[in-house]
Amino acid sequence: MRKLAFSFLTLLLTFSILSIDVYASDVKYSEQELNEILIDSGMPEYEVNAYDFDLKETIVKNSGENLEYVTSSTQSFIRNEETGELINTSNIITPLAAIPRSDLIFRITVFNGATSSQKQIYGNFEWLTTGKGPSQGPSGIKDDRFSIAIPAGWEIQSGSYGADMYKSFFNISNATWLGWVNDGTNGFANGGKPASDGYSLYGASWELTPANINYRYKGTTWFTMRKVNSSAVNRAIVSYMEAKSNPLGQFGVSLAWKALEVTYTPTSGSVNTANQDITWK
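Under mature numbering (1 follows the signal peptide of the UniProt record, and there is no 0), read the sequence shown as residues -24 to -1, 1 to 257, first letter to last.
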């Protein structure tokens, strides 16, 4: 009888643990709780404070509370108003007192995976402006691409892909931004999975679909990668492609992949691109 009771208790505890894992994504976290989880993971406090609530929540709800931080990087881009090109702000020389504005921000965050050979890669973009420009209106971010490229000697784990998008509406009547609304995977083609032409040995590419005007957008994509060659470099590239339709409103693009590189070749219209890389030990 005692053995039977012990077996039942073991089964109950096992079920409870599994239930916690299954429903962890449904937990409602405060920002303070998210901050504590990320700081406990080893993420510097100044980096945690720089991330907004939505990005922190996306990371914790997807990867759980027992995170092991590796590294992160943030980069800003500004649009050349004459050419439309997206320029890395670190390449812009300004007077010491001047702070260049930003139109687009990238964030890359790397965590250890379930095994010593795995890494979880999060790529995040956020548009800070709206109004004119192919990704800000009148056709939203429709047909834009957000990609993550990896080196040779790594492989993406099947089923580890994910995506999440938020949008914020600009109220013209009082010139204010409304709060961010979670649009989930609705802002991505293919149900939040990489696009049908976005799967590669060397990375993944998500196609963006929102075509609303007077909106800002931010989104996060992620996957788990595993090192299969001990001499492979520890590096990843995040890339944003901005779609520009031709005068007839048509746009098309083909993707080509190499290790740590994705190339966008327009078949109709043209593109702007912005790229950022990250390395770790």
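Ideal Cβ positions, reconstructed from N, Cα and C, are used throughout, including at glycine.
Burial state of residue i (16 or more Cβ within 10 Å)
{"i": "PRO114", "result": "For PRO114, the pLDDT reaches just 44, beneath the cut-off of 50, and the residue's location in the model is therefore unreliable, leaving the point undetermined."}
{"i": "TRP153", "result": "exposed"}
{"i": "PRO186", "result": "buried"}
{"i": "residue 271", "result": "Nothing in the structure corresponds to residue 271, since the chain is present only between -24 and 257."}
{"i": "GLU57", "result": "exposed"}
{"i": "GLN8", "result": "exposed"}
{"i": "GLY179", "result": "buried"}
{"i": "LEU80", "result": "buried"}
{"i": "LEU177", "result": "exposed"}
{"i": "ALA232", "result": "exposed"}
Residue range of the alpha helix (DSSP H) that includes residue i
{"i": "GLN226", "result": "Per DSSP, GLN226 belongs to no alpha helix (DSSP H) and is neither H nor E."}
{"i": "LEU31", "result": "29 to 39"}
{"i": "ASN64", "result": "Not the alpha helix (DSSP H): ASN64 falls in the beta strand (DSSP E), residues 62 to 64."}
{"i": "ASN25", "result": "21 to 26"}
Enclosing beta strand (DSSP E) for residue i [first to last residue]
{"i": "THR161", "result": "Neither: THR161 is in no beta strand (DSSP E) and is coded neither H nor E."}
{"i": "GLU237", "result": "237 to 244"}
{"i": "residue 278", "result": "A query on residue 278 cannot be resolved here, the shown segment of the chain reaching from -24 to 257 and no further."}
{"i": "ALA125", "result": "121 to 125"}
Contacts around residue i, its chain only, beta-carbon distance under 6 Å, and the 5 residues preceding and following it disregarded
{"i": "ILE84", "result": "SER49, GLY99, VAL214, ILE254"}
{"i": "GLY245", "result": "LYS220, SER221, ASN222, PHE227"}
{"i": "PHE164", "result": "ALA139, TRP182"}
{"i": "LYS203", "result": "SER93, TRP130"}
{"i": "ILE13", "result": "VAL36, GLU41"}
{"i": "GLY135", "result": "none"}
{"i": "ASN188", "result": "GLY116"}
For residue i, three-class secondary structure by DSSP
{"i": "ALA(-20)", "result": "With a pLDDT of 46 at ALA(-20), under the threshold of 50, the predicted position of this residue should be treated as unreliable, though the coordinate-derived value follows. Reduced to three states, the DSSP call for ALA(-20) is helix."}
{"i": "LEU231", "result": "strand"}
{"i": "TYR191", "result": "strand"}
{"i": "ASN222", "result": "coil"}
{"i": "ILE15", "result": "helix"}
{"i": "ILE84", "result": "strand"}
{"i": "GLY135", "result": "coil"}
{"i": "VAL204", "result": "coil"}
{"i": "THR196", "result": "strand"}
{"i": "ALA250", "result": "strand"}
{"i": "ASN100", "result": "strand"}
{"i": "ASN166", "result": "helix"}
{"i": "VAL214", "result": "strand"}
{"i": "LEU177", "result": "coil"}
{"i": "ASP2", "result": "helix"}
{"i": "LEU10", "result": "helix"}
{"i": "ASN42", "result": "coil"}
C-alpha distance - residue i paired with residue j, whole-angstrom precision
{"i": "GLU21", "j": "ILE15", "result": "6 Å"}
{"i": "SER123", "j": "ALA212", "result": "10 Å"}
{"i": "GLN252", "j": "ASN210", "result": "14 Å"}
{"i": "ALA26", "j": "TYR5", "result": "18 Å"}
{"i": "THR239", "j": "GLU61", "result": "16 Å"}
{"i": "PHE101", "j": "GLY174", "result": "18 Å"}
{"i": "ALA128", "j": "LEU184", "result": "26 Å"}
{"i": "ILE97", "j": "GLN51", "result": "16 Å"}
{"i": "TYR191", "j": "ILE132", "result": "32 Å"}
Residues near residue i in its chain [Cβ-Cβ closer than 7 Å; skip 5 each side]
{"i": "GLY18", "result": "GLU44, TYR45"}
{"i": "GLU33", "result": "TYR5, LEU10"}
{"i": "LYS234", "result": "TYR178"}
{"i": "SER172", "result": "ASN166"}
Chain-order list of residues whose beta-carbon lies under 8 Å from that of residue i (same chain, five-residue window excluded)
{"i": "TYR142", "result": "ASP30, TRP156, VAL157, ASN158, ASP159, TYR193, LYS194, GLY195"}
Closer than 8 Å to chain E by CB, residue i
{"i": "PRO127", "result": "Annotation note: the requested chain E is absent from the structure, which comprises a single protein chain."}
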